[in-house]
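Student: One structure, pasted below without further comment.
There are 2 protein chains.
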Amino acid sequence: MQPIASARVVDVVRDQLRSAILAGDLAPGSRLSVPELARQLGVSRSPVREAVLLLVGEGLAVEQSRRGVEVARLELGDVLELYELRISLESLAARHAAERMTNTDLVALRGVLDAQGAAAVGDARSFRELDLRFHEIVSQTCGNTRLARHAALLAREMRLAAPLMVNEPWHLRQSHEEHRTIERALRQRDGPAAENAMREHLGRVCQSVRNRHSTTP
Amino acid sequence: MQPIASARVVDVVRDQLRSAILAGDLAPGSRLSVPELARQLGVSRSPVREAVLLLVGEGLAVEQSRRGVEVARLELGDVLELYELRISLESLAARHAAERMTNTDLVALRGVLDAQGAAAVGDARSFRELDLRFHEIVSQTCGNTRLARHAALLAREMRLAAPLMVNEPWHLRQSHEEHRTIERALRQRDGPAAENAMREHLGRVCQSVRNRHSTTP
DNA sequence: TTCCTGCTTTCTACATGTAACACTCTCCCT
DNA sequence: AGGGAGAGTGTTACATGTAGAAAGCAGGAA
Chain F
1 MQPIASARVV DVVRDQLRSA ILAGDLAPGS RLSVPELARQ LGVSRSPVRE
51 AVLLLVGEGL AVEQSRRGVE VARLELGDVL ELYELRISLE SLAARHAAER
101 MTNTDLVALR GVLDAQGAAA VGDARSFREL DLRFHEIVSQ TCGNTRLARH
151 AALLAREMRL AAPLMVNEPW HLRQSHEEHR TIERALRQRD GPAAENAMRE
201 HLGRVCQSVR NRHSTTP
Chain P
1 MQPIASARVV DVVRDQLRSA ILAGDLAPGS RLSVPELARQ LGVSRSPVRE
51 AVLLLVGEGL AVEQSRRGVE VARLELGDVL ELYELRISLE SLAARHAAER
101 MTNTDLVALR GVLDAQGAAA VGDARSFREL DLRFHEIVSQ TCGNTRLARH
151 AALLAREMRL AAPLMVNEPW HLRQSHEEHR TIERALRQRD GPAAENAMRE
201 HLGRVCQSVR NRHSTTP
């Protein structure tokens with residue numbers, strides 16, 4: 001059996017807070033009061049304080065000096081910054097993943113895409129979930145552990161901006177097709193093709209977010 | 001006067017520990033015992049514990065589950081990972097910096113390069129210091145705050161690998177010339193040229209590190 | 001010698017105590 | 001009515017207490 005070192009309270013609290021933030025239960029701008037959270041979670045303040053600091057390190061929360069920590073509020077500019085970074089990092093990851101992915105990884109990736117193809121019709125929530133899984137698999141199999149870690153951080157931080165995303169069905173379907181193109185390149189072990197496909201995919205999504213908000217400010 | 005919010009003990013401790021690590025006073029692999037450090041620094045364990053966790057978040061230390069935290073030990077593979085990321089991020093930063101740098105920034109950059117040109121002869125330590133400043137200025141003026149933050153983290157983490165670096169005078173001189181090329185592109189506001197120059201510069205440095213250690217393992 | 005066992009020491013992880021500070025609300029003075 | 005003092009509340013930041021676990025060491029058996 002694997003090491004179950006996650007019996008640590010701080011890890012549990014961090015995961016719970018992260019889930020609550022990403023699910024929207026803790027809205028952007030909410031103050032994260034350590035004593036209050038400790039009471040609600042039934043633990044002492046120490047692990048809560050640590051967990052909150054870790055979330056700050058992940059970019060999910062921001063601390064203003066002496067006034068405590070609050071859930072990060074992402075503007076359009078932040079999302080564009082994040083996309084720019086994701087384009088750079090994930091296209092690099094895709095290139096390496098094409099050379100280093102195992103067949104098991106490819107099967108998993110195909111599974112995610114098939115599920116996404118089935119869900120793509122109107123269920124934006126499931127679609128986004130599978131989108132995350134797709135990008136996560138590519139990033140985590142690139143062989144560069146630091147690249148994987150930074151990419152995961154960026155992807156998570158971006159989830160805070162869910163309300164700014166474009167959820168039109170045709171747009172989701174287009175994303176799905178682009179995912180298929182990326183997967184094809186990965187399966188053929190064509191690094192440059194995977195890199196380009198990933199860059200174009202994220203670039204197009206970024207552009208659509210930008211258009212969406214420049215026309216309806 | 002500006003807000004002197006940095007009277008916080010945790011910030012002071014973090015800076016001291018970081019300096020000690022980067023200066024080599026705390027060698028890679030050293031255990032960071034919270035009670036011991038608290039005694040030495042004359043503060044309680046709480047801020048020390050927080051500071052240590054922050055350093056883990058920065059990649060300067062690693063925690064093995066339940067066995068505490070120790071200063072990160074960078075192998076050749078880690079350095080290559082870091083260079084790959086830096087190439088990706090800093091070349092992107094250079095492109096944007098070309099468009100967004102102020103004239104004041106350019107003057108500062110030129111100043112760093114002139115100092116580097118004067119120091120390049122045999123003083124590898126000063127040279128490296130100015131190398132850091134050069135890359136820092138470019139990254140910090142790119143206009144993308146997250147990109148700047150991630151680039152700064154990578155540059156700092158890489159300082160842990162000082163013993164693996166190549167310090168031959170001809171190599172330093174070559175780096176300096178490449179810096180000049182980058183600066184020229186930035187001054188001419190030529191984004192793509194700055195991007196390419198940065199990518200080639202870091203790529204060459206990375207390659208020289210790789211060669212150095214594949215021939216003398 | 002090598003291996004096992006039990007003790008000792010130290011640390012981590014969590015809990016709790018507390019001074020100083022920030023915000024809010026009330027009430028009084030002008 | 002409007003503005004400001006001041007109490008009251010809640011928080012942060014740091015200090016300290018402590019159970020349990022891990023590492024190191026000693027000593028004895030094979």
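Those protein sequences? They're chains F and P, same order as listed.
The numbering of the first sequence is full-length UniProt numbering, which starts it at 1 and goes up by one.
The numbering of the second sequence is full-length UniProt numbering, which starts it at 1 and goes up by one.
Glycine included, every Cβ here is placed at the ideal spot set by N, Cα and C.
For the stretch 73 to 107 of chain P, list every residue whose C-beta sits within 7 Å of some C-beta in chain F, in sequence order.
Tutor: So the list reads E81, L82, E84, L85, S88, L89, L92, given in the order they occur along the chain.
Student: By how many angstroms is the C-alpha of E50 of chain F removed from the C-alpha of R83 of chain P?
Tutor: What you label residue 83 of chain P is simply residue 83 of the second sequence in a count that begins at 1. What you label residue 50 of chain F is simply residue 50 of the first sequence in a count that begins at 1. Going by the sequence as given, residue 83 of chain P is Tyr instead of Arg. If I take the Cα positions, the gap works out to 31 Å.
Student: Could you please tell me which residues of the stretch 149 to 182 of chain P, in chain order, have their CB closer than 7 Å to any CB of chain F?
Tutor: Under the 7 Å Cβ criterion, the stretch 149 to 182 of chain P contributes H150.
Student: Using a Cβ distance threshold of 8 Å, determine whether the stretch 94 to 112 of chain P contacts the stretch 137 to 145 of chain P, with at least three qualifying pairs required.
Tutor: Yes, they touch.
Student: Report the neighbours of E195 of chain P on chain F: residues whose CB is nearer than 9 Å to its CB, in chain order.
Tutor: Numbered from its first residue, the second sequence carries residue 195 of chain P at position 195. Near E195 of chain P there are no residues of chain F at all, since even the closest Cβ is about 11 Å away, more than 9 Å.
Student: Quick one: which chain P residues come within Cβ less than 8 Å of T145 of chain F?
Tutor: Start at 1 with the first residue of the first sequence, and residue 145 of chain F comes out as number 145. Ordered by position in chain P, the residues that pass the 8 Å Cβ test against T145 of chain F are E81.
Student: I need the straight-line Cα distance from R173 of chain P to E58 of chain F, nearest angstrom please.
Tutor: Along the second sequence, read from residue 1 onward, the residue named residue 173 of chain P stands at position 173. Along the first sequence, read from residue 1 onward, the residue named residue 58 of chain F stands at position 58. Going from the Cα of R173 of chain P to the Cα of E58 of chain F covers about 38 Å.
Student: Count Cβ pairs between the stretch 34 to 52 of chain P and the stretch 32 to 40 of chain F that sit closer than 8 Å; are there 3 or more?
Tutor: The stretch 34 to 52 of chain P, when compared against the stretch 32 to 40 of chain F, does not touch it at the 8 Å Cβ threshold.
Student: As a quick exercise: from F:V205, F:Q207, F:E81, F:P169, pick the residue whose alpha carbon is nearest that of G122 of chain F.
Tutor: As a first step, residue 122 of chain F must be located in the first sequence, where it is residue number 122. When only C-alpha atoms are compared, the closest one is F:P169.
Student: Hey, A94 of chain P and A151 of chain P: beta-carbon distance below 7 Å or not?
Tutor: Residue mapping note: residue 94 of chain P aligns to position 94 of the second sequence, counting from 1. Residue mapping note: residue 151 of chain P aligns to position 151 of the second sequence, counting from 1. Cβ distance not < 7 Å, so A94 of chain P and A151 of chain P don't count as in contact.
Student: Looking at the structure shown, is E50 of chain F part of a helix, part of a strand, or coil, going by DSSP?
Tutor: Sequence index remark: in the first sequence, residue 50 of chain F carries index 50 (1-based). In the structure shown, E50 of chain F sits in a helix (DSSP, three-state: H, G or I).
Student: Would you identify the three-state DSSP class for R31 of chain P, choosing helix, strand or coil?
Tutor: Here residue 31 of chain P is taken as the residue at index 31 of the second sequence, counted from 1. Of the three classes helix, strand and coil, the one that applies to R31 of chain P here is strand, per DSSP.
Student: What number of angstroms, rounded off, separates the C-alpha of E75 of chain P from the C-alpha of N211 of chain F?
Tutor: Position 75 of the second sequence holds residue 75 of chain P. Position 211 of the first sequence holds residue 211 of chain F. Using only the alpha carbons, I get a separation of about 45 Å.
Student: Pull up the distance between the alpha-carbon of V112 of chain P and that of L130 of chain P, whole angstroms please.
Tutor: As a working note, residue 112 of chain P is residue 112 in the second sequence. As a working note, residue 130 of chain P is residue 130 in the second sequence. Each residue's alpha carbon lies about 6 Å from the other.
Student: When we look at the beta-carbon of P163 of chain F and count the other beta-carbons within 10 Å, is it buried (16 or more) or exposed?
Tutor: Position 163 of the first sequence, counted from the first residue, corresponds to residue 163 of chain F. Burial call: exposed.
Student: Should R204 of chain P be flagged as near chain F, meaning a C-beta pair shorter than 7 Å?
Tutor: Along the second sequence, one-based indexing puts residue 204 of chain P at 204. With 7 Å as the cut-off, R204 of chain P does not count as an interface residue toward chain F.
Student: Taking C-alpha atoms, which residue in P:A27, P:L89, P:L54 lies nearest to R146 of chain P?
Tutor: Here residue 146 of chain P corresponds to residue number 146 of the second sequence, with the count starting at 1. Per the Cα distances, P:L89.
Student: Assuming V71 of chain F contacts P47 of chain F under a Cβ cut-off of 8 Å, what Cβ separation, rounded to an integer in Å, is found between them?
Tutor: Stepping through the first sequence from its first residue, residue 71 of chain F is reached at position 71. Stepping through the first sequence from its first residue, residue 47 of chain F is reached at position 47. About 19 Å separates the two Cβ atoms, so there is no contact after all.
Student: Which residues in chain F sit within 7 Å of G191 of chain P, going by Cβ to Cβ distance?
Tutor: On the second sequence, residue 191 of chain P is found 191 positions in, with the first residue counted as 1. Within chain F, no residue comes near G191 of chain P; the closest Cβ sits about 13 Å away, beyond 7 Å.
Student: Please report the distance separating the alpha-carbon of R14 of chain F from that of S175 of chain P.
Tutor: Translated into the one-based positions of the first sequence, residue 14 of chain F becomes position 14. Translated into the one-based positions of the second sequence, residue 175 of chain P becomes position 175. The alpha-carbon atoms of R14 of chain F and S175 of chain P are separated by roughly 43 Å.
Student: Report buried or exposed for S65 of chain F, applying the criterion of at least 16 other Cβ atoms within 10 angstroms of its Cβ.
Tutor: Against the first sequence, residue 65 of chain F aligns to sequence position 65. Exposed: under 16 other Cβ atoms inside 10 Å.
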